[in-house]
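Trainee: Supplied in structure tokens, the structure appears directly below.
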Amino acid sequence: MEFFTISMLNGLSYGLLLFMLSSGLTLIFSMMGVLNFAHTSFYMLGAYFAYSISGAIGFWPALLIAPLLVGGLGALFERYALRRVHKFGHVPELLVTFGLSYLILELVRLVWGNATVPYGLPEQLQGPLFTLYGTQFPKSRSFIMLLALLMLLSVWLLLTRTRIGLVIQAALTHPETVESLGHNVPRVFMLVFGGGAALAALAGVIGGNTYVTEPAMAGAVGSIVFVVVVVGGMGSLAGAFLASLLIGVLQTFAVAIDQSLATGLHALGINVTDQTFGHDLLQLSVAQVAPILPYLLLVLMLIFRPKGLLGRRDG
Amino acid sequence: MTTQAYAVELKALRKSFGKTEIIRGADLAVAAGERVAIIGPNGAGKSTLFNLISGRFSPTSGEILLNGQRIHGLKPYEISRMGLARSFQITNIFGRLSVFENLRCGVLWALGYKYAFWKFLAGLDDANQRADELLHMIKLDRKRDTLAMNLTYAEQRALEIGITIAGGANVVLLDEPTAGMSKSETSRFIELIREVTVGKTLLTVEHDMGVVFGLADKIAVLVYGEVIAFDVPEAVRANPRVQEAYLGSVLADAQAAEAGH
Amino acid sequence: MANSVVKSGPLGRVVVWGLFAVLLIVLPLLFRSSLALTMLSQMGYLVIICLSYNILLGQGGMLSFGHAVYTGMGAFIAVHAMNQATKGAIWLPVSLVPLVGGVAGMFFAALFGYVTTKKSGTTFAMITLGIGELVAAMSLMFPAFFGGEGGVTTNRTYGAPFLGLTFGPQIQVYCLIAAYCFVSTALMYAFTGTPLGRMLNAVRDNPERVEFIGYNTQWVRYLGFIIAGFFAGIGGALAAINFEIVGAADSLSSVRSGGYLLFTFLGGATFFFGPIIGAVLLVLASVLLSEITKAWLLYLGLVFLLMVMYAPGGIASLIMMNLRVAKSGKLARLLGWYALLAVTGALTFFGIAALIEMIYHMQLNEALGPVLSFLGIELNVKSAASWAGTVVVALIGLGLFELTRKRFALRWGEVQGEIEAAIRAREAA
Numbered sequence: 072m073e074f075f076t077i078s079m080l081n082g083l084s085y086g087l088l089l090f091m092l093s094s095g096l097t098l099i100f101s102m103m104g105v106l107n108f109a110h111t112s113f114y115m116l117g118a119y120f121a122y123s124i125s126g127a128i129g130f131w132p133a134l135l136i137a138p139l140l141v142g143g144l145g146a147l148f149e150r151y152a153l154r155r156v157h158k159f160g161h162v163p164e165l166l167v168t169f170g171l172s173y174l175i176l177e178l179v180r181l182v183w184g185n186a187t188v189p190y191g192l193p194e195q196l197q198g199p200l201f202t203l204y205g206t207q208f209p210k211s212r213s214f215i216m217l218l219a220l221l222m223l224l225s226v227w228l229l230l231t232r233t234r235i236g237l238v239i240q241a242a243l244t245h246p247e248t249v250e251s252l253g254h255n256v257p258r259v260f261m262l263v264f265g266g267g268a269a270l271a272a273l274a275g276v277i278g279g280n281t282y283v284t285e286p287a288m289a290g291a292v293g294s295i296v297f298v299v300v301v302v303g304g305m306g307s308l309a310g311a312f313l314a315s316l317l318i319g320v321l322q323t324f325a326v327a328i329d330q331s332l333a334t335g336l337h338a339l340g341i342n343v344t345d346q347t348f349g350h351d352l353l354q355l356s357v358a359q360v361a362p363i364l365p366y367l368l369l370v371l372m373l374i375f376r377p378k379g380l381l382g383r384r385d386g
Numbered sequence: 037m038t039t040q041a042y043a044v045e046l047k048a049l050r051k052s053f054g055k056t057e058i059i060r061g062a063d064l065a066v067a068a069g070e071r072v073a074i075i076g077p078n079g080a081g082k083s084t085l086f087n088l089i090s091g092r093f094s095p096t097s098g099e100i101l102l103n104g105q106r107i108h109g110l111k112p113y114e115i116s117r118m119g120l121a122r123s124f125q126i127t128n129i130f131g132r133l134s135v136f137e138n139l140r141c142g143v144l145w146a147l148g149y150k151y152a153f154w155k156f157l158a159g160l161d162d163a164n165q166r167a168d169e170l171l172h173m174i175k176l177d178r179k180r181d182t183l184a185m186n187l188t189y190a191e192q193r194a195l196e197i198g199i200t201i202a203g204g205a206n207v208v209l210l211d212e213p214t215a216g217m218s219k220s221e222t223s224r225f226i227e228l229i230r231e232v233t234v235g236k237t238l239l240t241v242e243h244d245m246g247v248v249f250g251l252a253d254k255i256a257v258l259v260y261g262e263v264i265a266f267d268v269p270e271a272v273r274a275n276p277r278v279q280e281a282y283l284g285s286v287l288a289d290a291q292a293a294e295a296g297h
Numbered sequence: 156m157a158n159s160v161v162k163s164g165p166l167g168r169v170v171v172w173g174l175f176a177v178l179l180i181v182l183p184l185l186f187r188s189s190l191a192l193t194m195l196s197q198m199g200y201l202v203i204i205c206l207s208y209n210i211l212l213g214q215g216g217m218l219s220f221g222h223a224v225y226t227g228m229g230a231f232i233a234v235h236a237m238n239q240a241t242k243g244a245i246w247l248p249v250s251l252v253p254l255v256g257g258v259a260g261m262f263f264a265a266l267f268g269y270v271t272t273k274k275s276g277t278t279f280a281m282i283t284l285g286i287g288e289l290v291a292a293m294s295l296m297f298p299a300f301f302g303g304e305g306g307v308t309t310n311r312t313y314g315a316p317f318l319g320l321t322f323g324p325q326i327q328v329y330c331l332i333a334a335y336c337f338v339s340t341a342l343m344y345a346f347t348g349t350p351l352g353r354m355l356n357a358v359r360d361n362p363e364r365v366e367f368i369g370y371n372t373q374w375v376r377y378l379g380f381i382i383a384g385f386f387a388g389i390g391g392a393l394a395a396i397n398f399e400i401v402g403a404a405d406s407l408s409s410v411r412s413g414g415y416l417l418f419t420f421l422g423g424a425t426f427f428f429g430p431i432i433g434a435v436l437l438v439l440a441s442v443l444l445s446e447i448t449k450a451w452l453l454y455l456g457l458v459f460l461l462m463v464m465y466a467p468g469g470i471a472s473l474i475m476m477n478l479r480v481a482k483s484g485k486l487a488r489l490l491g492w493y494a495l496l497a498v499t500g501a502l503t504f505f506g507i508a509a510l511i512e513m514i515y516h517m518q519l520n521e522a523l524g525p526v527l528s529f530l531g532i533e534l535n536v537k538s539a540a541s542w543a544g545t546v547v548v549a550l551i552g553l554g555l556f557e558l559t560r561k562r563f564a565l566r567w568g569e570v571q572g573e574i575e576a577a578i579r580a581r582e583a584a
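From first to last, the protein sequence lines stand for chains G, Z and D.
In this text, residue positions in the first sequence follow our numbering: the first is 72, and each later residue adds one.
In this text, residue positions in the second sequence follow our numbering: the first is 37, and each later residue adds one.
In this text, residue positions in the third sequence follow our numbering: the first is 156, and each later residue adds one.
Following this line, the structure appears as structure tokens:
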């Protein structure tokens, strides 16, 4: 029971972090048709900027400044690079964001080096929030959950209650019409791209010190975020939410399970030894298989339900 | 009554997108070799009808028959292989291939080459000959090696028709073939269409009544997803339901066009 | 995709292919050092791999982030086959091992390709990424097959000599690689002129229209995917023969896939010979450039980004555009501007490079003290003058380059306009 509750909470917090990332990605994709390959690079930048800024003036200012900085950079990139390439088609758009992700990775390694940086939690977030059945649930993870939910709420409010939000929603499906109504759609695109980047950076600010901050962090979470977006259904925010939680919980549970097919067979009275055919496969514990579960889910989803969980717009 | 199957037959065809019903029980029976123009006010569902017949969408209910065989629910390529071809309202060609290559692609399946990767295109005499014939028919001989995306609008529309008839389909659907053309281009284009569709069954969606009268043996009037009339032009003009649907405006144009002949 | 470099008839083709064969034979004789031979060998199989990648990208419009799966699996099956042959369990001369790799690549492309080609465009790209990660992650789960951290080693000198070759010395391996390179290139070129090859182009240009001329778009993509997998497997197997070791972390990684993508694009995806240029650049960059500067990946990323934005057809398209200008006799007008562009560009580049090198020096070479030598000039990371100087040089260079580029663009536009007018005049005649 305790294992279940703690793992569930951990899984949910990881899933919400994934959602913070995949939501920005989905928004950008829905509006501009561009899958931003550099999205998790913005996540990484957020973490590194926060590391440097909190080293200078503390974590809480960094929580505000780092996303703004990264958002600004994202907007600049949209204005000067992405927009240029837009007329060449979707493949060059994807390639330009791929190039950006490469560039950001190298720049990060250039400035901060190859090793993990000691980006630590501020005092207020250290330690457990509560102790459940003898296992601690850290404040930092609950902060992630809080932040993710706040972010979700404010984005939803922004999109549905403000004027700019309505324009964005309209531009999501009919950019030309919105432009002919007099709105500056290119500027809206720039805002959305910058906003998405800022959200990713925000996730990085809190993800970086809860988990780890190193150059490989973008790649590690990158492919999972893309799996989330495809499994949830390209362009569906609700689908991304569902898929994020699903994958977050799935992975967290799997990593903690040491049973394998062999232990299962053992319980049935069948012994698996090194001589058994396929012993490699049978002796794999669920924990060892955990890393590939999201990708397995991707493949299965594609075979049985290519639209994704709640898919709308096709890639 | 004739025992021959109709070339295209629609029976109680219905199509809804979500809660909106676009096609509400359309019935139509086009005999082989007939040239039919489908007209109707905007939003009547003409393009949707074409999309249903050519397999881009599948109907919510009802039947579509091609030469007596059921084609509703089949994939576009399956229907195409059964002898139906369509053109598009928005030009749909292969931009980075030359005009000649565009046409040749259109004949490959019909000539049986399928997914062959052990033969050379250069050696397929029948395909190359047919492509050259088509090139001549659509009068783009001079632009043989030009990339399709570098053609003028009217030339691209001609190429569009060329690709459509390339496979030798007996039933041809043309979706607003003269859209966006000037008067002189339109009349030349109608000549072209008449030449290349000799002996074939032709269904075309058109707004230009001059084109309709120049091209069609029969007119089908589509209003709110139903075929309210299907007859020779004079009978359609006299039909009170059609007059009611059009409030006389389009027909007045038609009368003017007729008067001009 | 433009699939002929020379538009003239059969004679032109014989000349081009003859030159290619001659080049393959002559290069190792011209460049005799062992480093050169290593590089030439790598170029040989990378040409096959990049060309196979371009079947997807340039011919089919399919952007794949997971091509390393097929080169990697080709390599792994090849080493295992070679090890079995060394034990005597199967008969397989070394000269036929690349074919085994090809079949392996084909098999896995057939396996994964069905699901992968269900979608197109961006979704396709994401699926290839996912499957690439899947296979890479699975490799840790089966150490018996994938060799764990140390990889799987093999010996390429087993069995009876083939035409007197034992494949021990590097030059003999090069011969094998060169032979397969020539034949594979010829086959892939031939493919572009087949019905399937052409329909793959049509699918790239207008996937929906293809369905309405009788073709199943997914099937066209799927078959193209399998053919690309075949040649990828051949390339992977040759790499395995070359190094006599295959490691999962390296051969199946998304970094490697990204490399194929980057350099194929850099070389030029819109012309058949573009990936050949890309493969050559890949080897030059990873072997030579990496020695010159630690920041070579950063430069690579910058060049790639600039290419996507300003020359999406790659180097091949730049060559072809200038060839067209040269054929019309107008190249002389642009030469002066090219020279000016080169000078201002170099200035900008060296200014920025100096900055980058200084930052790297600060970061990584602290033990060596604050002074570094850049192109013979001494720069001190602790001195404000060095920093200010490099920034000024970079800014001046950038400004001059922009000025020159704008003038050049005008001239270029003029020339293009003249050429196009001439074409139209010829068509009307």
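Here a beta-carbon is modelled for each residue, glycine too, at the ideal position from N, C-alpha and C.
#1: Are any of the Cβ atoms in chain Z nearer than 8 angstroms to that of D/V547?
#2: If you draw a straight line from the C-alpha of D/M228 to the C-alpha of G/L140, how long is it?
#3: Using a 10 Å radius around the Cβ and a threshold of 16 neighbouring Cβ atoms, would you call G/T244 buried or exposed?
#4: State the Cα-Cα distance for the pair Z/A215 and Z/G81, rounded to the nearest angstrom.
#5: Quick check: is the beta carbon of Z/L110 nearer than 8 angstroms to any beta carbon in chain D?
#6: Please identify, using Cβ separations under 9 angstroms, the residues of the segment 130-156 of chain Z that lie next to chain D, in order along the chain.
#7: Run the CB neighbour count on Z/R277, radius 10 Å, all protein chains shown included, and call it buried at 16 or more, exposed below.
#8: Classify D/N477 as buried or exposed, calling it buried when 16 or more other Cβ atoms lie within 10 Å of its own Cβ.
#9: Given G/D385, which residues of its chain have a CB within under 6 angstroms of its CB, disregarding the five upstream and five downstream residues?
#10: Based on Cα-Cα distance, which residue from D/G568, D/V548, D/L452, D/A383 lies nearest to D/F504?
#11: Keeping to the same chain, check which residues put their C-beta closer than 8 angstroms to that of Z/E231; ignore five residues upstream and five downstream.
#12: Given a cut-off of 8 angstroms, decide if G/V167 and D/M464 are closer than it, judged by their beta-carbon atoms.
#13: Any C-beta of chain D sitting closer than 8 angstroms to the C-beta of Z/K82?
#14: At the level of alpha carbons, what is the spacing between G/A127 and D/L378?
#15: Is Z/V209 helix, strand or coil when you go by DSSP?
#16: Would you identify the three-state DSSP class for D/F317, choosing helix, strand or coil?
#17: From the beta carbon of G/H161, is the nearest beta carbon of chain C less than 8 angstroms away?
#18: Closest Cβ-Cβ distance between D/E573 and chain Z: below 8 angstroms?
#19: Which residues in the same chain as Z/F182 place their Cβ atom closer than 7 angstroms to its Cβ, once the five residues preceding and following it in sequence are excluded?
#20: So, does the CB of D/L444 fall closer than 8 angstroms to a CB anywhere in chain G?
#21: Counting only beta-carbon separations shorter than 8 angstroms, does D/L378 have a partner in chain Z?
#22: So what's G/F193 in DSSP terms, helix, strand or just coil?
#23: Keeping to the same chain, check which residues put their C-beta closer than 6 angstroms to that of G/I374; ignore five residues upstream and five downstream.
#24: For Z/Y113, which residues in chain D fall below 7 angstroms Cβ to Cβ?
#25: Would you mind working out which of Z/A265, Z/R50, Z/E212 sits nearest Z/H243, comparing C-alpha positions?
#26: Does DSSP classify Z/G98 as helix, strand or coil?
#27: Work out the CA separation of D/A404 and D/A291 for me, nearest whole Å.
#28: So Z/A202 packs on Z/G142, CB below 8 angstroms; how close in whole Å?
#29: Identify each residue in the segment 144-168 of chain G for which the Cβ-Cβ distance to at least one residue of chain D is less than 7 angstroms, and report them in chain order.
#30: Might you give, ordered along the chain, the residues of its own chain that have their beta carbon closer than 7 angstroms to the beta carbon of Z/S90, omitting 5 neighbours on each side?
#31: Can you list the residues of chain D that G/M305 reaches, using a CB-CB cut of under 7 angstroms?
#32: With a threshold of 8 angstroms between beta-carbons, can G/P362 be considered close to chain D, or not?
#33: Looking at Z/P77: is its Cβ nearer than 8 angstroms to the Cβ of Z/L49?
#34: Quick one: Cα of D/Y200 to Cα of D/V252, how far?
#35: Helix, strand or coil, according to DSSP, for G/T334 in the structure here?
Mentor: Here's the rundown:
#1: no
#2: 43 angstroms
#3: exposed
#4: 17 angstroms
#5: no
#6: F130, G131, R132, L133, E137, N138, R140, C141, G142, V143, L144, W145, A146, Y149, K150, Y151, A152, F153, W154, K155, F156
#7: exposed
#8: exposed
#9: Only weak support is given to the placement of G/D385: the predicted model assigns it a pLDDT of 42, under 50, and the value that follows is read from those uncertain coordinates. Closer than 6 angstroms at the Cβ level, and outside the excluded window around G/D385, lies no residue.
#10: D/V548
#11: M173
#12: yes
#13: no
#14: 57 angstroms
#15: According to the sequence displayed, residue 209 of chain Z carries Leu and not Val. Looking at Z/L209 - three-state DSSP - the assignment turns out to be strand.
#16: strand
#17: Here the protein chains are G, Z and D, and chain C is not one of them.
#18: no
#19: The sequence given here has Thr at residue 182 of chain Z, not Phe. The answer, listed in chain order, is S134, V135.
#20: no
#21: yes
#22: Reading off the sequence shown, one finds Pro at residue 193 of chain G, where the question assumed Phe. Coil.
#23: none
#24: E366, G369, Y370, N371
#25: Z/E212
#26: strand
#27: 7 angstroms
#28: 3 angstroms
#29: A152, R155, V156, F159, H161, V162, P163, L165, L166, V167
#30: P112, I115, L120, R122, L209
#31: T278
#32: yes
#33: no
#34: 13 angstroms
#35: helix
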